[in-house]
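**Student:** Numbered according to this note's numbering, the sequence shown spans residues 19 to 299.
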Amino acid sequence: MITEKVISSKPPHILVFDSGVGGLSIVEAVKKAHPSYRLTYASDNAQFPYGTKSESVLIERVERVLSTLQEEIAADIILVACNTASTLVLPKIRSHFTQPIIGVVPAIKPAAEMSKNKTIGLLATPGTVERQYTKELIKDFAHECDVISVGSSELVLLAEQKLQNKPVSLAVLTSITAPFRDTQNRPDTIVLACTHFPLLKEELQLVLPNITYWVDSGEAIARRVQFWVNKLNLVTENTLATASSSANGVSIFTKQTAETELIKPTLNQLNLGLVHYTEVS
Ligand code: DGL
Numbered sequence: 019m020i021t022e023k024v025i026s027s028k029p030p031h032i033l034v035f036d037s038g039v040g041g042l043s044i045v046e047a048v049k050k051a052h053p054s055y056r057l058t059y060a061s062d063n064a065q066f067p068y069g070t071k072s073e074s075v076l077i078e079r080v081e082r083v084l085s086t087l088q089e090e091i092a093a094d095i096i097l098v099a100c101n102t103a104s105t106l107v108l109p110k111i112r113s114h115f116t117q118p119i120i121g122v123v124p125a126i127k128p129a130a131e132m133s134k135n136k137t138i139g140l141l142a143t144p145g146t147v148e149r150q151y152t153k154e155l156i157k158d159f160a161h162e163c164d165v166i167s168v169g170s171s172e173l174v175l176l177a178e179q180k181l182q183n184k185p186v187s188l189a190v191l192t193s194i195t196a197p198f199r200d201t202q203n204r205p206d207t208i209v210l211a212c213t214h215f216p217l218l219k220e221e222l223q224l225v226l227p228n229i230t231y232w233v234d235s236g237e238a239i240a241r242r243v244q245f246w247v248n249k250l251n252l253v254t255e256n257t258l259a260t261a262s263s264s265a266n267g268v269s270i271f272t273k274q275t276a277e278t279e280l281i282k283p284t285l286n287q288l289n290l291g292l293v294h295y296t297e298v299s
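In structure tokens:
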């Protein structure tokens, strides 16, 4: 029997979703690995930040926003590029959508493997630090490590400001990261467990010069995207030949604000400069 692969003439279409601009760090990693894939970036900036919201509010909101967006764009794969949301909503939304859902969760396991002094700093939003999911990751994969957790929404705001071309205060970064310094047992490894934080990696390296390993989820997520693209037979040589010239990325925001205007240069650089607004009530 001859089995035929489904030939798609369009590049795989991936919806990358976050509360704000943090998911752009995941976009960078996915684009680097798969420059021809079609990405739509979506930010629920109307409800930003997620890190201080209650679990019940978030569960309901993320499902509603993703449903609205999928009705509009019908992407092949949904990538929840937000640790705060992923550590909470994945089971619910996986049961709701037929498309594969890729989540971004704290990279505790690789960090525990890398750390030489078995002391890890976990830098996340207050929500992610408190999640049962995160506590279980630590119990399962880092039980031999000391884990120092810092939950900061201020750091999320600083990352947003950086992409709006505003200055980032190193003094504020120094004070946010003090728990990693003010301890006898200092971490040699930091997990950037919020997608906003890789956007501040250079600044964080300046205030924490003794950290050996900085761990984020970008490359692992790019591999996961490839896994699903293969599994769904979304890519063919034909697709790859035509995609790079036609891949014009779009960004969707749930609210038009002065800030969305300020981040357009960054969106343009990532080829996501075609901006739409979709309100979700
Ligand atoms: N970028 C998000 C994360 O990965 C959350 C930021 C927020 O809205 O608090 O956790």
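Where is the CB? At the ideal position from N, CA and C, for every residue including glycine.
When the distance is taken between beta carbons, is Leu191 closer than 8 Å to Val247?
**Tutor:** Within the sequence shown, the letter at position 229 stands for residue 247. Within the sequence shown, the letter at position 173 stands for residue 191. Going by C-beta atoms, Val247 is not nearer than 8 Å to Leu191.
**Student:** Beta-carbon distances below 6 Å to any heavy atom of the ligand DGL define the shell here; list its residues in chain order, please.
**Tutor:** Taken from the N-terminal end onward, the list reads Asp36, Ser37, Gly38, Gly40, Phe66, Pro67, Tyr68, Gly69, Cys100, Asn101, Thr102, Thr143, Thr146, Ser171, Val174, Cys212, Thr213 and His214.
**Student:** State yes or no: is the C-beta of Gly121 within less than 8 Å of the C-beta of Val98?
**Tutor:** Locating residue 121 in the sequence shown gives position 103, where the first residue counts as 1. Locating residue 98 in the sequence shown gives position 80, where the first residue counts as 1. Yes. Within cutoff.
**Student:** Name, in chain order, the residues that DSSP records as bridge partners for Trp232.
**Tutor:** Position 214 of the sequence shown, counted from the first residue, corresponds to residue 232. Bridge partners of Trp232: Ile208.
**Student:** When DSSP labels each residue in this structure, what does Asn286 get in the three-state scheme?
**Tutor:** Translated into the one-based positions of the sequence shown, residue 286 becomes position 268. Three-state DSSP puts Asn286 in a helix.
**Student:** Could you tell me which residues DSSP pairs with Leu57 in its beta bridges?
**Tutor:** As a first step, residue 57 must be located in the sequence shown, where it is residue number 39. According to DSSP, Leu57 bridges with Ile32.
**Student:** Could you give the DSSP three-state label for Asp62: helix, strand or coil?
**Tutor:** Translated into positions along the sequence shown, residue 62 becomes position 44. Note: Asp62 maps to coil in three-state DSSP.
**Student:** Which residue marks the beginning of the alpha helix (DSSP H) containing Gly41, and which one marks its end?
**Tutor:** Position 23 of the sequence shown, counting from 1, holds the residue named residue 41. It spans Gly41 to Ala51 - the alpha helix (DSSP H) in which Gly41 sits, taken as one unbroken run.
**Student:** Would you please state the rounded distance, in angstroms, between the beta carbons of Val39 and Ala177? I believe it to be under 8 Å.
**Tutor:** Against the sequence shown, residue 39 aligns to sequence position 21. Against the sequence shown, residue 177 aligns to sequence position 159. The Cβ separation is near 7 Å, so the contact holds.
**Student:** Count the other CB atoms within 10 Å of the CB of Ser133; is the residue buried (16 or more) or exposed (fewer)?
**Tutor:** If you number the sequence shown from 1, residue 133 lands on position 115. Ser133 should be labelled buried.
**Student:** Who are the near neighbours of Cys163 in its chain, counting only those whose CB is closer than 7 Å to its CB and skipping five residues on each side?
**Tutor:** For the purposes of this step, residue 163 is identified with residue 145 of the sequence shown, where counting begins at 1. So the list reads Ala130, Ser133, Lys136, Thr137 and Ile138, once near-sequence residues are dropped.
**Student:** Output needed for His114: all residues of its chain with C-beta closer than 7 Å, excluding positions within five of it in sequence on either side, in chain order.
**Tutor:** Within the sequence shown, residue 114 is the residue found at index 96, counting from 1. These residues qualify, in order along the chain: Glu81.
**Student:** Taking 8 Å as the cut-off, decide whether the C-beta atoms of Ser74 and Asp36 are in contact.
**Tutor:** Stepping through the sequence shown from its first residue, residue 74 is reached at position 56. Stepping through the sequence shown from its first residue, residue 36 is reached at position 18. It is not a contact, given that the beta carbons lie outside the stated cut-off.
**Student:** DSSP puts Ala129 in a beta bridge; with which residues?
**Tutor:** Within the sequence shown, the letter at position 111 stands for residue 129. Answer is none; Ala129 lacks a bridge partner.
**Student:** Straight-line CA distance for Ser262 to Ala47?
**Tutor:** Start at 1 with the first residue of the sequence shown, and residue 262 comes out as number 244. Start at 1 with the first residue of the sequence shown, and residue 47 comes out as number 29. Because the pLDDT at Ser262 is just 47, under 50, the model does not fix this residue reliably, and the point stays unresolved.
**Student:** So if DSSP puts Ser167 in a beta bridge, which residue, or which two residues, is it bridged to?
**Tutor:** Position 149 of the sequence shown, counted from the first residue, corresponds to residue 167. Looking at the DSSP assignment, Ser167 forms a beta bridge with Leu140.
**Student:** Residues in its own chain within less than 6 Å of Thr102 by CB, not counting five upstream and five downstream?
**Tutor:** Within the sequence shown, numbered from 1, the residue matching residue 102 stands at position 84. Same-chain partners within the cutoff: Tyr68, Gly69, Thr143, Gly145 and Thr146.
**Student:** Can you tell me which of the three DSSP states Thr296 falls into?
**Tutor:** By 1-based counting over the sequence shown, the position of residue 296 is 278. Thr296 falls in the coil class under three-state DSSP.
**Student:** Residues bridged to Leu97 by DSSP?
**Tutor:** The residue labelled residue 97 in the question sits at position 79 within the sequence shown. Per DSSP, Val34 and Ile120.
**Student:** If you compare alpha carbons, which of His31, Val243 and Ser43 is closest to Leu210?
**Tutor:** The count along the sequence shown starts at 1 and reaches residue 210 at position 192. Comparing Cα-Cα distances from Leu210 to each of His31, Val243 and Ser43, the minimum goes to Ser43.
**Student:** Rounding to the nearest angstrom, what Cα-Cα distance links Tyr295 and Gln179 in this structure?
**Tutor:** Here residue 295 refers to the residue found at position 277 of the sequence shown. Here residue 179 refers to the residue found at position 161 of the sequence shown. C-alpha separation (whole angstroms): 20 Å.
**Student:** Could you name the residues of the same chain whose beta carbon sits closer than 7 Å to that of Thr213, not counting the 5 residues immediately before and after it, in chain order?
**Tutor:** Numbered from 1 along the sequence shown, position 195 holds the residue referred to as residue 213. Asp36, Gly40, Gly41, Ser43, Ile44, Ala99, Cys100, Asn101 and Val122, listed in sequence order.
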